[in-house]
Structures are given as structure tokens and as C-alpha cells.
Amino acid sequence: MDRIRDGKPRRLLIQAIFIAVMASLIGLIANAVSPNGITMVGTWRVAFDSTGIVKPEYFEEDDTLVTVDQAMVMYQANSTVFVDARYPDDYYMSHIKGAVLLPFDEYDDYIGAFREKVSKEAEIITYCGEEDCDLSLYLARLLRSEEGYTNVYTLYGGFELWIRAGMPVEQEEAVFEDGEEQ
Numbered sequence: 003m004d005r006i007r008d009g010k011p012r013r014l015l016i017q018a019i020f021i022a023v024m025a026s027l028i029g030l031i032a033n034a035v036s037p038n039g040i041t042m043v044g045t046w047r048v049a050f051d052s053t054g055i056v057k058p059e060y061f062e063e064d065d066t067l068v069t070v071d072q073a074m075v076m077y078q079a080n081s082t083v084f085v086d087a088r089y090p091d092d093y094y095m096s097h098i099k100g101a102v103l104l105p106f107d108e109y110d111d112y113i114g115a116f117r118e119k120v121s122k123e124a125e126i127i128t129y130c131g132e133e134d135c136d137l138s139l140y141l142a143r144l145l146r147s148e149e150g151y152t153n154v155y156t157l158y159g160g161f162e163l164w165i166r167a168g169m170p171v172e173q174e175e176a177v178f179e180d181g182e183e184q
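Pasting the structure below:
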């Protein structure tokens, strides 16, 4: 009882908090001045591909990423087929001008028409919505491994970066099996 009355537990608690705060401050200062410090805000991915693009977590060695700048050059050369891996509703709302719809989640329903339109030797760039979208990488892998397409790239950053770069987009009306438009 005497220890509670004399305030020692309270003083010990204050000292423990002081030590924790000081240790945290020293750690933050050391991290800030270290050349190998960890960034305190943002993504912490550190793996890069051969073009200097930060590799997403789901990146595999056969994946080939292109930046939006590289994709714009390929688009302007008018020799690349852009393939939208997103859901049909997203595609019809807006997509890269001239892009072909091949939604990853409905692959089996669309691949037949895709095979008829796009030759195996075509230069292809798959894309989806944004940087963290993995559908375009998975679609590119399918096109290479299952379909035999040889020049398949993935637009890193996806449609979101394409729009921010001010590149051409378009909308389309959805056509259903009965011929009606949406």
C-alpha cells in the first residue's frame, strides 16, 4: 500500500513512456539521415524491371512492362493492338481509342473473336484500370502461354495513366446478342 501512496508506479509509467518516445524519435531521426532509410509515406516496392519500372508484387520474369511514354510512341506508330482486360462495362464506358475488348474474367467468351482479329505476330499491349490492377498481366501471360502470341506487353499504370497523359480515349455502345444497343 505504501508504494501506491508514494506515487512510484505513476512515476515508473511516466519514465517508461518517456523512454519509448525518445527511442521512437531517435529511430525516426536515424532513418531520416540514413542513405538506406525507409520512406515513411507511399509504396515501398523496390524491385525494378529492365525499363526501370517498379515491379508489382505479382510480376514474373516473363512479364514485359511498358511505361505510358513507351505505349504512347507505340500507339502513335499505329502498329500496336491495345487490349483492354477490364470488365465490358468499364470498356464501354471509356477505353483507349481503337482498343480491343478481351476481359480477363470472361476470357473464354471473347478469345474466339480475338483470335480472328489479331494475328499471332501482332504487337500487343494489354492494360487494365490502374497501377494495382493485375488483370492485364494475367491476360498477357495467357496470350503468350495459351495462345502463342509472341509480342505481348503490359501497360504499367493502366488506363488511369493513359487518361492523365491526355492520350485518346473513346466510348462505345454495348451491343447485345439480340442486336440492341445499351
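Numbering (our numbering), first residue to last: 3 to 184.
For each residue, glycine too, the CB sits at the ideal point set by N, CA and C.
All values derive from a computational prediction rather than experimental measurement.
Taking only the alpha-carbon atoms, compute the straight-line gap between residue i and residue j and give it to the nearest angstrom.
{"i": "LEU145", "j": "VAL154", "result": "7 Å"}
{"i": "MET76", "j": "VAL23", "result": "53 Å"}
{"i": "ILE165", "j": "ALA18", "result": "52 Å"}
{"i": "SER26", "j": "PRO11", "result": "23 Å"}
{"i": "GLU132", "j": "TYR140", "result": "14 Å"}
{"i": "SER96", "j": "ALA167", "result": "15 Å"}
{"i": "GLY32", "j": "CYS130", "result": "What sits at residue 32 in the sequence shown is Ala, not Gly. Approximately 40 Å between the Cα atoms of the pair."}
{"i": "ASP71", "j": "GLU162", "result": "13 Å"}
{"i": "MET169", "j": "ASP136", "result": "22 Å"}
{"i": "ILE28", "j": "LEU14", "result": "21 Å"}
{"i": "GLU149", "j": "THR69", "result": "24 Å"}
{"i": "GLN173", "j": "LEU103", "result": "12 Å"}
Quick check on DSSP: helix, strand or coil for residue i?
{"i": "ASP110", "result": "helix"}
{"i": "GLU172", "result": "strand"}
{"i": "TYR140", "result": "helix"}
{"i": "ASN38", "result": "coil"}
{"i": "LYS10", "result": "helix"}
Hey, residue i and residue j are a contact pair by Cβ (cut 8 Å); roughly how many whole angstroms apart?
{"i": "TYR94", "j": "PRO105", "result": "Not quite, the Cβ-Cβ distance comes to about 11 Å (not below 8 Å), so this is no contact."}
{"i": "SER138", "j": "ALA87", "result": "4 Å"}
{"i": "ALA142", "j": "THR156", "result": "5 Å"}
{"i": "VAL171", "j": "ILE98", "result": "6 Å"}
Length at least 4, wholly inside the region 73-126: the alpha helix (DSSP H) runs in chain order: Every alpha helix (DSSP H) stretch that sits fully inside the region 73-126 and reaches 4 residues is listed by chain position as 90-95 and 109-119.
Taking contact to mean at least 3 C-beta pairs separated by less than 8 Å, is the region 122-134 in contact with the region 68-84? yes
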